[in-house]
Amino acid sequence: MEDLIKRAAKDLIDSKYAIALTGAGISTESGIPDFRGPSGVWTKNPEAEKRAFRSYDMFLENPKDWWVDRLTGPRLLQGLEKASPNRGHYALADLEKQGTLKCVITQNVDGLHEKAGNVNIIEYHGNSLKLRCVSCGARFGRDEFDLEALLKQDDLPPICPKCDGIVKSDSVAFGEPIPVICSHRSLEEAEKCDLMIICGTSAVVYPFANLPRVAKQRPNVTIIEVNAEQTPLTREGISEYLIQGKTGELLPKIVEEVKKYSKNFL
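Sequential numbering of the sequence shown, starting at 5, is according to my numbering.
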């Protein structure tokens, strides 16, 4: 394990353009449940998964009813606004501040990378704390709309002040296209990087899970996994090696080694 941590630190230092991909596993240590794990939201509540699969179709059919249901019905993930980053998030922010890490592409919709201090973030599946116009793609903070007032006034859905389009939550639902800007930027990063560190993702949700495969098509790209369990990337040989364990424990150790390595060569 220690040898792998040191190897990852050296690979990061030697890289010219390193990026990180993150999934639900990096946020579970902040008290945010994943969806498909043993204690996942959908594992415990299969009906909630069925509703999630229908959500986008419901929005397209009747945006007003979709919003009423969203504001009055049960929420899948409670307390995201109060959730705090953990040591894994702060480790990635530290790597970016050092200049070692160039970008974080995350599946997570909790906004914790931004809270931790990362700046160059691509929120591939959106952010549940933000809203987005489905016409022009403009994003807004939730506090830019008084959703409760719109509900009471029977004036839903929210309307985009920039183009008069319909506004929905920014998080991407099943069947909803990934926003073009996010999709294009993510592909550009995957095609540009010479190192990709994959943290806390099962790598089974597409098209996100295709990004390591895009990177792997080029020679001399190092792909590292920091995951609790093996993934298809491990088994298919997409990743060079797996450091198995909790991201909140392993990523800070990698950062410590990066700092040691850097000092030795000053």
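Ideal placement from N, C-alpha and C gives every residue a C-beta, glycine not left out.
Just to confirm my understanding: we take Gly115, look at its own chain, exclude 5 residues before and 5 after, and list those with CB closer than 7 angstroms. What are they?
Same-chain partners within the cutoff: Asn131, Leu133.
Would DSSP call Leu25 helix, strand or coil?
Of the three classes helix, strand and coil, the one that applies to Leu25 here is strand, per DSSP.
Jot down the residue ranges of each uninterrupted beta strand (DSSP E) in the stretch 178 to 244, minimum 3 residues, whole runs only, in chain order.
As far as the stretch 178 to 244 is concerned, its whole beta strand (DSSP E) runs of at least 3 residues are 199 to 203, 226 to 231.
Let's test the definition: count the other Cβ atoms within 10 Å of the Cβ of Glu192 and tell me whether it reaches 16, buried, or not, exposed.
Counting Cβ neighbours within 10 Å, Glu192 comes out exposed, since fewer than 16 surround it.
Beta carbon of Asn90, beta carbon of Ser175: below 7 angstroms?
Between Asn90 and Ser175, the gap from beta carbon to beta carbon reaches 7 angstroms or more.
Within the continuous beta strand (DSSP E) that includes Thr110, where are the two ends?
Looking at the DSSP string, the run of the beta strand (DSSP E) that includes Thr110 is 105 to 110.
Where Leu254 and Lys86 are concerned, what is the direct C-alpha to C-alpha distance, given to the nearest angstrom?
Distance between Leu254 and Lys86, taken at the CA atoms: about 24 angstroms.
Per DSSP, what kind of secondary structure is Val176 in: helix, strand or coil?
Shown here, Val176 sits in coil according to DSSP, grouped into three states, outside any helix or strand.
Tell me the residue span of the alpha helix (DSSP H) that contains Glu152.
That run of the alpha helix (DSSP H) goes 151 to 156.
Measuring only the C-alpha atoms, how far is Lys250 from Lys54?
Their backbone Cα atoms lie some 29 angstroms apart in a straight line.
Quick check on Lys20: does DSSP put it in helix, strand or coil?
Per DSSP, reduced to three states, the secondary structure at Lys20 is coil, with no helix or strand assignment.
Exposure of Met200, with buried meaning 16 or more beta-carbon neighbours within 10 Å:
By the neighbour-count rule (16 or more Cβ atoms within 10 Å), Met200 is buried.
Completely contained alpha helix (DSSP H) runs for the stretch 118 to 170, where each covers 4 or more residues:
Runs of the alpha helix (DSSP H) inside the stretch 118 to 170: 151 to 156.
Hey, could you find the ends of the alpha helix (DSSP H) Thr76 is sitting in?
Where Thr76 is concerned, the enclosing alpha helix (DSSP H) stretches over 67 to 76.
Indicate the three-state DSSP secondary structure (helix, strand or coil) for Ile247 in the structure shown.
Annotated three-state conformation of Ile247 is strand, per DSSP.
Where do the N-terminal and C-terminal ends of the alpha helix (DSSP H) with Asp98 fall, by residue?
Asp98 -> alpha helix (DSSP H) spans 91 to 102.
Could you give the C-beta distance for Ile247 and Leu8, rounded to a whole number, given that I count them as a contact under 8 angstroms?
That belief holds up - the Cβ atoms of Ile247 and Leu8 are roughly 5 angstroms apart, short of 8 angstroms.
Alpha carbon to alpha carbon, how far is Gly29 from Lys196? Give it in angstroms, no decimals.
Going from the Cα of Lys196 to the Cα of Gly29 covers about 25 angstroms.
Supposed contact pair Leu84 and Ile125 - C-beta distance, whole angstroms, cut 8 angstroms:
Rounded, the Cβ-Cβ distance is 16 angstroms, inconsistent with contact.
Using DSSP with H/G/I as helix, E/B as strand and the rest coil, what is Gly35?
The answer is coil: DSSP assigns Gly35 none of H, G, I, E or B.
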